[in-house]
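Visitor:
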Amino acid sequence: MWDTGRVIHVAAEMRRYNLEVLKISETHWTQVGQQRLTSGELLSYSGHEEENAPHTQRVALMLSKQAQNALI
19 MWDTGRVIHV
29 AAEMRRYNLE
39 VLKISETHWT
49 QVGQQRLTSG
59 ELLSYSGHEE
69 ENAPHTQRVA
79 LMLSKQAQNA
89 LI
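Position 61 of the sequence shown, counting from 1, maps to 79 under our numbering, and the rest follow consecutively.
(1) Assuming residue 95 is part of the beta strand (DSSP E), what are its boundary residues?
(2) From residue 34 to residue 85, what distance separates their C-alpha atoms?
(3) Classify residue 82 as buried or exposed, calling it buried when 16 or more other Cβ atoms lie within 10 Å of its own Cβ.
(4) Which residues in the same chain as residue 42 place their Cβ atom closer than 6 Å to its Cβ, once the five residues preceding and following it in sequence are excluded?
(5) Report the residue from 76, 55 and 50 whose alpha carbon sits nearest the alpha carbon of residue 27.
(6) Taking the alpha-carbon positions, what's the residue 88 to residue 63 distance?
(7) What's the gap between the Cα of residue 40 and the Cα of residue 53?
Written as C-alpha cells, this is what we have:
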C-alpha cells in the first residue's frame with residue numbers, strides 16, 4: 019500500500035466515508051514514521067525498527083485534519 023497511488027486512494031475513500039481515523043493493519047512496511055499527505059491527512063505507521071526484521075506485525079493509522087487537531 020505504500021505506493022503513492024494506493025495511499026492517495028485510501029485517503030480519498032476515508033474522506034468519502036467521512037472517517038476521521040482509519041486503522042490499517044497488515045501493512046508490511048518497514049521502519050516507524052509519519053507521512054503527511056498533500057490532501058492533509060497524516061499517515062502514522064509502526065513496525066520493526068531492525069534492518070532485517072520480518073515484514074510482520076505492522077500497523078498504520080490515517081488521521082484526518084480534524085483528528086490531528088484533537089490529539090494531545
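Ideal placement from N, C-alpha and C gives every residue a C-beta, glycine not left out. Since this is a predicted model, take the numbers as computed values, not measurements.
Guide: Well, looking at it:
(1) In the structure displayed, the chain extends from 19 to 90; residue 95 sits before or after that span and is not available.
(2) Residue mapping note: residue 34 aligns to position 16 of the sequence shown, counting from 1. Residue mapping note: residue 85 aligns to position 67 of the sequence shown, counting from 1. The straight-line gap from Cα to Cα measures roughly 16 Å.
(3) Here the question's residue 82 lines up with position 64 in the sequence shown. So residue 82 counts as buried.
(4) For the purposes of this step, residue 42 is taken as residue 24 along the sequence shown, with counting starting at 1. Cβ within range, chain order: 78.
(5) Working through the sequence shown from its first residue, we reach residue 27 at position 9. Measuring C-alpha to C-alpha distances from residue 27 to each of 76, 55 and 50 identifies 55 as the nearest.
(6) In the sequence shown, the residue the question calls residue 88 occupies position 70. In the sequence shown, the residue the question calls residue 63 occupies position 45. Cα to Cα, residue 88 sits roughly 18 Å from residue 63.
(7) Translated into the one-based positions of the sequence shown, residue 40 becomes position 22. Translated into the one-based positions of the sequence shown, residue 53 becomes position 35. The straight-line gap separating the alpha-carbon atoms of residue 40 and residue 53 is approximately 14 Å.
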